[in-house]
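Student: My structure is below; once you've seen it, I'll send some questions.
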Amino acid sequence: MPSSTTPGSSTLTIPTPGDIPRHVAIIMDGNGRWATKRYLPRTAGHIRGLQAVRRVVEACGKRGVEYLTLFAFSSENWRRPPEEVNFLMRLFVQTLEKQVDKLSEQGVRLRVVGDLSAFEPHLRELIDDAVARTRHNSALHLTIAANYGGRWDILQALRTMLAKHPELSQHPENIEEAMLLPYLAMAFAPEPDLFIRTGGEQRISNFMIWQLAYTELYFCEDFWPDFGARQIEAAFEWYRTRERRFGRTSAQLNG
Ligand code: FPP
């Protein structure tokens with residue numbers, strides 16, 4: 006079985022793990038509770054959460070992480086009160102208006118994955134512009150998952166693949182795992198090595214459900230606005246203690 010360090014599938018090839026995760030995927034949870042604990046509006050938690058995003062981007066860049074994927078807004082987050090949804094959208098717009106130059110100076114390549122058709126045109130233009138302006142950078146691939154859901158992704162990949170290859174509808178037995186991979190929204194990245202969820206909940210919540218098949222899952226109690234370089238270091242330290250077997254036995258790994 007060949008090993009792989011490029012994008013692919015952990016159920017088809019065995020990646021070569023290193024001490025520092027190549028790809029870190031994070032559910033940034035706990036903004037609301039951070040604020041409520043301080044008798045502040047939930048929106049204050051999101052503002053502080055944005056500062057944590059900056060700290061984590063910097064820390065991951067310094068530690069040599071190649072891909073950082075952040076779950077900013079799930080397909081289910083539209084169910085929140087409209088004022089909070091509007092606030093998050095405005096925060097997203099302001100971030101794109103003000104932070105892209107700084108990100109670019111840090112060598113960050115920005116991408117946004119998710120069903121962007123639901124966003125207002127101005128936000129979509131800003132996203133396109135930021136993606137285009139940072140496309141030559143390669144120090145850190147930063148992906149924001151917005152209006153994203155893992156089930157949405159699998160469905161859109163399947164639909165796109167079948168639209169391109171209608172003959173497969175007649176012979177679904179010919180559909181193989183590797184054929185779907187290029188159509189997934191995160192096709193450009195290797196699967197995450199490390200998943201982090203802050204805020205104390207131990208759930209994947211429809212985030213990258215295809216790609217997390219062999220990812221190490223790290224849950225911590227800190228609310229996202231309190232997260233930073235020290236907490237990233239703790240997560241990496243824990244990651245180094247994990248034995249990543251990808252279906253093999255311990256004896257095979259150590260023999
Ligand atoms: C989860 O906390 C956080 C969100 C749904 C929004 C994430 C947004 C940010 C970190 C700031 C903006 C980021 C960008 C990239 C512009 P929660 O509100 O679910 O917290 P709770 O579980 O305590 O209620």
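Under the numbering used here, residue 260 is the last one in the sequence shown; the count climbs by one each step, no gaps.
Ideal Cβ positions, reconstructed from N, Cα and C, are used throughout, including at glycine.
Got a sec? Which residues, its chain only, sit under 8 Å from Gln56 by beta carbon, not counting five neighbours each side?
Tutor: Pro230
Student: Less than 8 Å between the beta carbons of Ser80 and Phe251, yes or no?
Tutor: no
Student: Buried or exposed: Leu160, going by 16 or more other Cβ atoms within 10 Å of its Cβ?
Tutor: exposed
Student: Please report the straight-line C-alpha distance between Tyr219 and Asp198, rounded to a whole angstrom.
Tutor: 8 Å
Student: Given a cut-off of 8 Å on the beta-carbon distance, is the pair Asp227 and Thr246 in contact?
Tutor: no
Student: With H, G and I counted as helix, E and B as strand and the rest as coil, what does DSSP make of Gly23?
Tutor: coil
Student: On the DSSP letters alone, give me the boundaries of the alpha helix (DSSP H) that Glu70 sits inside.
Tutor: First, the residue type needs correcting, since residue 70 is Val and not Glu in the sequence shown. That residue, Val70, is in no alpha helix (DSSP H); it is neither H nor E in DSSP.
Student: Say the cut is 7 Å; is the CB of Val118 nearer than that to a heavy atom of ligand 1?
Tutor: no
Student: What number of angstroms, rounded off, separates the C-alpha of His127 from the C-alpha of Asn36?
Tutor: 26 Å
Student: Under the criterion of a Cβ to heavy atom distance below 7 Å, does Val58 qualify as lining ligand 1?
Tutor: Relative to ligand 1, the beta carbon of Val58 is positioned inside 7 Å of a heavy atom.
Student: Quick one: grab the DSSP three-state call for Asn211.
Tutor: coil
Student: Between Tyr44, Gly155 and Phe97, which has its C-alpha nearest Val58's C-alpha?
Tutor: Phe97
Student: Starting from Thr246, follow the beta strand (DSSP E) in both directions and report where the run begins and ends.
Tutor: Segment: none, Thr246 is in no beta strand (DSSP E) and carries neither H nor E.
Student: Is Asn152 helix, strand or coil by DSSP?
Tutor: In this structure, Asn152 counts as strand in the three-state DSSP scheme.
Student: Taking only the alpha-carbon atoms, compute the straight-line gap between Phe92 and Asn259 and give it to the nearest angstrom.
Tutor: Asn259 has its alpha-carbon roughly 51 Å from the corresponding atom of Phe92.
Student: In whole angstroms, give me the CA-to-CA distance for Thr1 and Pro46.
Tutor: In this structure the chain extends from 6 to 260, so residue 1 is not present and cannot be described.
Student: Who does Arg60 pair with in a DSSP beta bridge?
Tutor: According to DSSP, which records beta bridges pairwise, Arg60 is partnered with nothing at all.
Student: Taking the alpha carbon of Arg116 as the reference point, which residue from Lys67, Asn142 and Tyr223 has its own alpha carbon closest?
Tutor: Asn142
Student: Quick one: is Gly205 buried, meaning 16 or more other Cβ sit within 10 Å of its Cβ, or exposed?
Tutor: exposed
Student: Which same chain residues end up closer than 8 Å to Gly233 when comparing Cβ atoms and leaving out the 5 residues on each side of it in sequence?
Tutor: The residues are Ala57, Arg60, Val61 and Ala64.
Student: Going by Cα to Cα distance, which pick from Val29, Leu108, Gly54 and Glu221 is closest to Ala137?
Tutor: Leu108
Student: Work out the CA separation of Glu89 and Leu173 for me, nearest whole Å.
Tutor: 43 Å
Student: List in chain order: all unbroken beta strand (DSSP E) runs of 3+ residues lying wholly within the segment 87-122.
Tutor: 113-118
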